[in-house]
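Undergrad: First the structure, then my questions, so here it is.
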Amino acid sequence: MLIEEGRIKAAFDSGVFVLKLCGDVRLTLCATLDTQAQRLAETPGLRAVMIDLREATNVDSTALGFLAKVAMAVKGQLVHPPTIIADNPDVRKMLDVMGFARFFTLMEAPLQQSSALNDALIELPEEPADEVGLRERILEAHRILMHMNEHNREQFQPLVEMLEAQNTEPQHESP
Numbered sequence: 272m273l274i275e276e277g278r279i280k281a282a283f284d285s286g287v288f289v290l291k292l293c294g295d296v297r298l299t300l301c302a303t304l305d306t307q308a309q310r311l312a313e314t315p316g317l318r319a320v321m322i323d324l325r326e327a328t329n330v331d332s333t334a335l336g337f338l339a340k341v342a343m344a345v346k347g348q349l350v351h352p353p354t355i356i357a358d359n360p361d362v363r364k365m366l367d368v369m370g371f372a373r374f375f376t377l378m379e380a381p382l383q384q385s386s387a388l389n390d391a392l393i394e395l396p397e398e399p400a401d402e403v404g405l406r407e408r409i410l411e412a413h414r415i416l417m418h419m420n421e422h423n424r425e426q427f428q429p430l431v432e433m434l435e436a437q438n439t440e441p442q443h444e445s446p
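Next comes the structure, spelled out in structure tokens:
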């Protein structure tokens, strides 16, 4: 079975922002997701956020952490929480276990299909990240996930501690 490389598409129209994740979405796309979360926090006229995972075959924990960051970035700006549309049972189970229902409205299909928004989706370029930047984003994503619920805290505490230790090792100060 061929695994489709992950891609991210986005559109913004009439106050509705759509983020569509396709294929195998992994940590290599976290810089792109982080940028989108930051932009959303500063977007005037934002009324709704929809994250479409129907074409995602896999979403790793780092990418999930940045999806959670999207919800936190727009908290207080929207009348309703952001919506995640996921019809893949494995992806949906992962969202449930990780506590995404507290921060998002989870659906299997959109309430209405907007062909205008689908037509407006443009593929976002993958933003490069150096090794240090990537490690910092992985750490940030997993800290966010840890704060979502106790299960995540237990699950990701060892990884976060390991990454924190790695972040302190190379930075030796000279006298």
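Converting from the sequence shown to the numbering used here requires adding 271 to each position, the first position being numbered 1.
C-beta: ideal position from N, C-alpha, C; glycine also.
Note that the structure is a prediction, hence the values are computed from the model and not measured.
1) To the nearest angstrom, how far is the alpha carbon of ASP361 from that of ALA308?
2) What's the C-alpha gap between ALA391 and PHE283?
3) Quick test of the definition: if touching needs 3 or more C-beta pairs under 8 Å, does the segment 308-322 touch the segment 421-434?
4) Please list the terminal residues of the continuous beta strand (DSSP E) segment that includes ASN329.
5) Excluding the five sequence neighbours on either side, which residues of its own chain have a C-beta within less than 6 Å of the C-beta of SER445, listed in chain order?
6) Would you call the segment 349-358 and the segment 323-333 touching, i.e. three or more CB-CB distances under 8 Å?
7) Mapping DSSP to helix, strand and coil, what is THR299?
TA: Let me spell this out:
1) 24 Å
2) 8 Å
3) no
4) 319-330
5) Because SER445 carries a pLDDT of 45, less than 50, the predicted location of this residue cannot be relied on, and no value is offered for it.
6) yes
7) helix
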